[in-house]
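Residue numbers (our numbering): 185 to 752. Ideal placement from N, C-alpha and C gives every residue a C-beta, glycine not left out. Take a look at the structure set out below.
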């Protein structure tokens, strides 16, 4: 396959410039082998006029591959930094060593001038900005790779936060996604030294990044989660102002307080710590195991401790969904592990991971599944550590090359993240014990009387609808046949030999029956003449001729049968 066919490059100046920048940074950080092992170097010299003899950074030889990749990402700017941050939460896509290294990427990015931010806001709300806001603080309170946040006041005096996408970020993201996808396609077709699917990483990253730069989607997520917790005494989500929001600007209620990551834990009493941990765990476990829609990144930097010692979750751009079918599979997994039912666990692996059913019969895979179950053999629903169970289950899938659904990965991340936050806040808090009722309810919802009744009712409705529609479908078929509008097209393939055999035997049988009739008839006529004592007549002559002909036909049939069997 030719390189230009794989890359399918849009030969604009900007894209060519971006390819040149990416390849230059890769070479500087010791990845020149990408060019030398493929014909990418020759293409870069010819099409991009790139000098591939770029000097290496001095410390490259002493750094691991993971560290060098992280430095490449940092140098390539916002899109690649965001890619690294997303991939740090996706160990299903890249090796754990790379995911750990990407966690070191800094969330804070250089601030951009307020004049550029104001231009984005004016573009989204032309001629209305001064009518909407009494003031906008030009000093940002946070700056990330894709967006920047500013405090503001509405005309009614409400304090809000404006999250504004960086100018030109969509064009940059689209260009970088195209470049990364093209390079990933090419490298995956020419080398296999990375230990993971470059094409899969590029595809998942593109999907996640498109969600990240759509602030309308984040607004919808925030509104939905806020609605779930309106009555909760210790958990909240910020109010969204849809009339002042768009794809590039998100206006949220300003939440006073401190980020959980910035709080000096020594200033909190043990009772306050425990209460905060209970609020955080309750929020995440309720979202994951009951609501089926959850904040997928509940790290301490996304949780604010309000002045009244309650928690507010922010930054709802990354969310996960657990459908009813997936909840049922999780319940089956938990039940199978607790009861030691290997076959049930294997069925969950196949259905949840969309794996090859033949894997069930693999001796090595069955042994690994047994080892997975054995680690929780002494557990009950009351003592089962669901976080460890899901992590070990994910490891089992990954080790055997089975793709874990992204929402399950997000679920694992959410649970383990809040477990880590709980441990740092209150090391004495029993997270497993607190999770017990949520896990039990998850299983009961799938196997309890109500769940069984629901399935029976659903099956009954399906069968009733089938029986109700069946006569109509049958009548329709009959009407089509009666009106000559019913066509059946049959096409046989590979049946030539069978047709030949059927034709041969049908001909042979009919010829044999005719020969037998002539033979028997001729014999009867000859015997009749002999018994009657009559001299030979014309009839007996015909009988002898028929007898002779039938004997000859029998010989011919025998010869034909011999040669036919020789040709089979």
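8 Å Cβ cutoff met for residue i and residue j
i: residue 724; j: residue 710; result: yes
i: residue 468; j: residue 482; result: yes
i: residue 574; j: residue 389; result: no
i: residue 348; j: residue 301; result: yes
i: residue 472; j: residue 421; result: no
i: residue 202; j: residue 404; result: no
i: residue 623; j: residue 568; result: yes
i: residue 511; j: residue 409; result: no
i: residue 258; j: residue 289; result: yes
i: residue 295; j: residue 327; result: yes
i: residue 586; j: residue 533; result: yes
i: residue 438; j: residue 308; result: no
i: residue 332; j: residue 322; result: no
i: residue 516; j: residue 505; result: no
i: residue 488; j: residue 498; result: yes
i: residue 304; j: residue 330; result: no
i: residue 447; j: residue 610; result: no
i: residue 432; j: residue 399; result: yes
i: residue 402; j: residue 356; result: no
i: residue 731; j: residue 707; result: yes
Backbone CA spacing between residue i and residue j [nearest angstrom]
i: residue 589; j: residue 509; result: 13 Å
i: residue 379; j: residue 279; result: Here residue 379 scores only 48 on pLDDT, less than 50, and its place in the model is too uncertain to base an answer on.
i: residue 598; j: residue 535; result: 22 Å
i: residue 496; j: residue 466; result: 13 Å
i: residue 733; j: residue 740; result: 10 Å
i: residue 753; j: residue 474; result: No statement about residue 753 is possible, as the shown extent of the chain runs from 185 to 752 and does not include it.
i: residue 436; j: residue 454; result: 32 Å
i: residue 546; j: residue 691; result: 51 Å
i: residue 560; j: residue 552; result: 13 Å
i: residue 514; j: residue 548; result: 23 Å
i: residue 539; j: residue 213; result: 37 Å
i: residue 556; j: residue 440; result: 45 Å
i: residue 204; j: residue 210; result: 10 Å
i: residue 444; j: residue 486; result: 8 Å
i: residue 395; j: residue 544; result: 36 Å
i: residue 563; j: residue 518; result: 10 Å
i: residue 318; j: residue 350; result: 22 Å
i: residue 558; j: residue 502; result: 34 Å
i: residue 659; j: residue 652; result: 12 Å
DSSP state of residue i mapped onto helix, strand, coil
i: residue 797; result: No statement about residue 797 is possible, as the shown extent of the chain runs from 185 to 752 and does not include it.
i: residue 432; result: coil
i: residue 216; result: coil
i: residue 334; result: strand
i: residue 203; result: helix
i: residue 597; result: helix
i: residue 693; result: helix
i: residue 322; result: strand
i: residue 474; result: helix
i: residue 733; result: helix
i: residue 356; result: helix
i: residue 496; result: strand
i: residue 420; result: strand
i: residue 463; result: helix
i: residue 327; result: strand
i: residue 415; result: coil
i: residue 747; result: helix
i: residue 298; result: helix
i: residue 623; result: helix
i: residue 483; result: coil
Candidates the options: closest to residue i by CA position
i: residue 595; options: 283, 571, 202; result: 571
i: residue 393; options: 258, 339, 494, 359; result: 359
i: residue 494; options: 354, 267, 413, 586; result: 413
i: residue 314; options: 582, 252, 428; result: 428
i: residue 492; options: 438, 418, 468; result: 418
i: residue 251; options: 281, 267, 735; result: 281
i: residue 287; options: 701, 255, 630; result: 255
i: residue 616; options: 600, 707, 630; result: 600
i: residue 523; options: 565, 621, 383, 318; result: 565
i: residue 415; options: 463, 340, 452, 266; result: 463
i: residue 537; options: 268, 579, 602; result: 579
i: residue 277; options: 581, 423, 350; result: 581
i: residue 744; options: 689, 726, 698; result: 689
i: residue 525; options: 502, 507, 550, 503; result: 550
i: residue 603; options: 591, 592, 618; result: 618
3 or more residues per run - each beta strand (DSSP E) lying fully within the segment 503-590:
503-505
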